[in-house]
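What follows is one structure encoded as structure tokens, with my remarks underneath.
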Amino acid sequence: MAMFRGENYRYWAFLALAIGLFTSVSDMGSVAVALPSISNHFETALPTTQWVLIGYTLTISALLLPMGRFADIAGRKRIYVVGFVIFIVAACIAGMAPNMTSLIAIRIAQGAGAAMTQGTSMAMIVASFPPQERGKALGLQMSMVGAGGVAGPAIGGFIVEVLGWQWVFFGTALLATVATIAAMVMIDSSRVGQTRGTKIQYDWIGAALSVGALIAFLNGMTWAPSIGYSHPLVVALLVGSATLLVAFVVQELRSSSPMMDIRLFKRRLFALGVLASYLNFLGMQSVRFLMPFYLQAVLGLSPGQVGLIIVPGAIGMIITGPLSGRLSDRFGWRWFTMGGLLVSAGGLLILSTLQPTSPFWLAMAGMIMQSTGIGLFNAPNNSSILSAVEPSKFGVISGFLNLVRNSGNLCSIAIATAIVTATMGTLGYEPTLAGVTAEGSEGLLGAFTSGLRVAYSIMAVVVLAGVVASAFKGQQYQPESETPEVQAAPTSDKASVRQAAD
10 MAMFRGENYR
20 YWAFLALAIG
30 LFTSVSDMGS
40 VAVALPSISN
50 HFETALPTTQ
60 WVLIGYTLTI
70 SALLLPMGRF
80 ADIAGRKRIY
90 VVGFVIFIVA
100 ACIAGMAPNM
110 TSLIAIRIAQ
120 GAGAAMTQGT
130 SMAMIVASFP
140 PQERGKALGL
150 QMSMVGAGGV
160 AGPAIGGFIV
170 EVLGWQWVFF
180 GTALLATVAT
190 IAAMVMIDSS
200 RVGQTRGTKI
210 QYDWIGAALS
220 VGALIAFLNG
230 MTWAPSIGYS
240 HPLVVALLVG
250 SATLLVAFVV
260 QELRSSSPMM
270 DIRLFKRRLF
280 ALGVLASYLN
290 FLGMQSVRFL
300 MPFYLQAVLG
310 LSPGQVGLII
320 VPGAIGMIIT
330 GPLSGRLSDR
340 FGWRWFTMGG
350 LLVSAGGLLI
360 LSTLQPTSPF
370 WLAMAGMIMQ
380 STGIGLFNAP
390 NNSSILSAVE
400 PSKFGVISGF
410 LNLVRNSGNL
420 CSIAIATAIV
430 TATMGTLGYE
440 PTLAGVTAEG
450 SEGLLGAFTS
460 GLRVAYSIMA
470 VVVLAGVVAS
480 AFKGQQYQPE
490 SETPEVQAAP
500 TSDKASVRQA
510 AD
């Protein structure tokens, strides 16, 4: 429609993509809240029921890279819309699932659709905005991620209580339908990476190797906290993953049309930006996963009170994301990425001082500080990474950045859990989080808190390593093989702009 194609097109396109992004992110939280009800309905153990979420997440992570590259070739809008159609159909079927096995299988199919949307949304947002507004666009995207993260559990809890768990899926399908219609009407294919008759061979071998490597790695990291890193299954999965990863790298270096150009890692701005991003997420998810245990089991707070304590941190990320993105367009990326990680590390250091008798506001202050730092960091860092990439590769890099986030989050949970349970074991308690409840003994909860302090101290050091990576990645890189699409260096930085080595 003509009204969506004028000078404000970028905002219409963002609105359409924002609805889809909100849908995708809120789905995770709403389904997580519904898991106990689903478990009771099918009379299955909660560890089995958790595969409704785990299977979905693993599928998304494994397919992000192949789907992002496929969108670069076949057309980003087309893949995005098809992905949401799959997502909608699977959500409707999930609400009518007759048993747990079929529900898990349907959620895996829904994850494939979600990978198609998540692997293309960032690329389309970036392509819709001019290079000098890239940080603002990614900041707005970050605000929608935060909003979806806050709203998902709240909406899901309300729906489960009033209508039943089935309507979590039906409601998601309805919202996804709105997102699909908005994308079809508001997004111009030619302005978000539509192919124009160019035939590019798809690297099916590379896609298969990447999917295999990721499935093995993510499954290994998922099982490790419960059965141990030395268990034969975990060892086999991680060794198999490493073997497939080596084969993937060899394939990509040999391919004339690789799924992902491994040579991008020769560009310092790209490589160190990705490293900083991974270290950021490695520190982040440990807070989101472990703090509810501390707040409920150790401090004795109710789930509702825990929610009220967690929400301000998410709001801080919603506010700082667009702000840092917009300012980084004007003043450059470096100080926002370094400053954001320093603030995040400061929040982790506050959390590393927690005691069983600490006031709740100390935990809340640490979480707000950590989330605010993440908001300051993410948009400028992603903007800097994308500035080092040719526009034709935005889809696969969009998927890759989402993969970095997902793998960092999963590794964060696995590593932090291993640290906490190992500390509990050295203090004479069973090395598991299963007993960390409000009914747990004072000694056990004290041992858990000791492990928490160790974990957050280590994670603070990890995030500080990200500060070093951000400091040395450089300020600007200009791709040579295509028409440059790199934001101009800010006036205040022009005298000190450095080219990243290629």
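Last residue of the sequence shown: number 511 in the working numbering, and the count goes up by one each step with no gaps.
Backbone N, C-alpha and C fix where the C-beta goes; we use that ideal spot for every residue, glycine too.
Note that the coordinates shown come from a computational prediction; the quantities given were computed from them, not determined experimentally.
{"Query": "Out of curiosity, what's the CA-to-CA distance linking Phe-23 and Val-296?", "Result": "30 Å"}
{"Query": "Taking all protein chains shown into account, do 16 or more other C-beta atoms lie within 10 angstroms of the C-beta of Ala-443, making it buried, or fewer, making it exposed?", "Result": "exposed"}
{"Query": "For Val-90, name the three-state secondary structure that DSSP assigns.", "Result": "helix"}
{"Query": "Is the CB-CB distance between Ser-46 and Trp-176 below 8 Å?", "Result": "no"}
{"Query": "Which value, in whole angstroms, describes the spacing of the CA atoms of Glu-439 and Leu-304?", "Result": "20 Å"}
{"Query": "For Glu-170, count neighbouring C-beta atoms within 10 Å of its own C-beta (all shown protein chains included) and say buried if the count is 16 or more, exposed if not.", "Result": "exposed"}
{"Query": "Look up Arg-277 in the DSSP assignment and say whether it is helix, strand or coil.", "Result": "helix"}
{"Query": "For a minimum of 4 consecutive residues, which ranges assigned as the alpha helix (DSSP H) are wholly contained in the region 114–201?", "Result": "143–171 and 175–195"}
{"Query": "Determine the contact status of Phe-31 and Gly-157, defining contact as a CB-CB distance below 8 Å.", "Result": "yes"}
{"Query": "Note down the Cα distance separating Gly-384 from Gly-330, rounded to an integer number of angstroms.", "Result": "4 Å"}
{"Query": "Can you list, in chain order, the residues of its chain with a C-beta nearer than 7 Å to that of Thr-129? Leave out the 5 residues immediately preceding and following it.", "Result": "Gly-77, Ala-80, Arg-85, Ile-88, Tyr-89, Gly-404 and Ser-407"}
{"Query": "Give the DSSP-derived three-state secondary structure of Ser-4 in the structure shown.", "Result": "Residue 4 lies beyond the range of the chain shown here (10 to 511); nothing can be said about it."}
{"Query": "Measure from the alpha carbon of Ser-466 to the alpha carbon of each residue in Leu-436, Val-476 and Val-429, then state which is nearest.", "Result": "Val-429"}
{"Query": "Return helix, strand or coil for Gln-294, following the three-state DSSP convention.", "Result": "helix"}
{"Query": "Under the three-state reduction of DSSP, which class applies to Ala-374: helix, strand or coil?", "Result": "helix"}
{"Query": "State whether the region 108–126 contacts the region 57–66, with contact taken as three or more CB pairs (one from each stretch) at a distance under 8 Å.", "Result": "yes"}
{"Query": "Hey, is the region 343–357 in contact with the region 466–481, meaning 3+ C-beta pairs nearer than 8 Å?", "Result": "yes"}
{"Query": "Quick one: give me the first and last residue of the alpha helix (DSSP H) that Thr-435 is part of.", "Result": "403–435"}
{"Query": "Roughly how many angstroms separate the alpha carbons of Ala-191 and Ala-285, rounded to a whole number?", "Result": "34 Å"}
{"Query": "Compute the Euclidean distance between the alpha carbons of Pro-365 and Gly-309, then round it to the nearest angstrom.", "Result": "10 Å"}
{"Query": "Could you tell me whether the region 258–271 touches the region 371–384, using the rule of 3 or more Cβ pairs below 8 Å?", "Result": "no"}
{"Query": "From which residue to which residue does the alpha helix (DSSP H) around Ser-219 run?", "Result": "213–236"}
{"Query": "Which term fits Gln-487, buried or exposed, when burial requires 16 or more other beta carbons within 10 angstroms of its beta carbon?", "Result": "Confidence at Gln-487 is low in this model, with a pLDDT of 49, below 50, so its placement is unreliable and the value that follows should be read with caution. Classification for Gln-487: exposed."}
{"Query": "If we count the other Cβ atoms within 10 Å of its Cβ and call it buried at 16 or more, is Lys-402 buried or exposed?", "Result": "buried"}
{"Query": "For Tyr-438, does the three-state DSSP call read helix, strand or coil?", "Result": "coil"}
{"Query": "Leaving out five residues on either side along the sequence, give the residues of the same chain with a beta carbon under 7 Å from the beta carbon of Leu-218.", "Result": "Leu-253, Ala-256, Phe-257 and Gln-260"}
{"Query": "Excluding five sequence neighbours on each side, which residues of the same chain lie with their C-beta closer than 7 Å to the C-beta of Pro-267?", "Result": "Asp-212, Gly-215 and Glu-261"}
{"Query": "Can you tell me whether Gln-487 is helix, strand or coil according to DSSP?", "Result": "Low confidence applies here, because Gln-487 scores a pLDDT of 49, under 50, leaving its location unreliable and the question unanswered by this model."}
{"Query": "What does a CB cutoff of less than 7 Å around Val-283 pick up in its chain, not counting 5 residues either side in sequence?", "Result": "Ile-394 and Val-413"}
{"Query": "If you run the structure through DSSP and keep just helix, strand and coil, what is Gly-398?", "Result": "The question names Gly, but residue 398 in the sequence shown is Val. Looking at Val-398 - three-state DSSP - the assignment turns out to be coil, as it is neither helix nor strand."}
{"Query": "Going by Cα to Cα distance, which pick from Trp-370, Leu-410 and Gly-166 is closest to Ser-388?", "Result": "With the sequence shown as reference, residue 388 is identified as Ala, and Ser is not the correct amino acid for it. The residue with the shortest Cα to Cα distance from Ala-388 is Leu-410."}
{"Query": "Under DSSP, the alpha helix (DSSP H) around Ser-264 begins and ends at which residues?", "Result": "Segment: none, Ser-264 is in no alpha helix (DSSP H) and carries neither H nor E."}
{"Query": "What is the C-beta distance between Ile-134 and Gln-150, in whole angstroms, given that I count them as a contact (C-beta under 8 Å)?", "Result": "6 Å"}
{"Query": "Find the nearest neighbour of Met-433 within the set Phe-345, Gly-452 and Ile-424, judged by alpha-carbon distance.", "Result": "Gly-452"}
{"Query": "Taking the straight line between their C-alpha atoms, what separation do you get for Ile-319 and Val-40?", "Result": "18 Å"}
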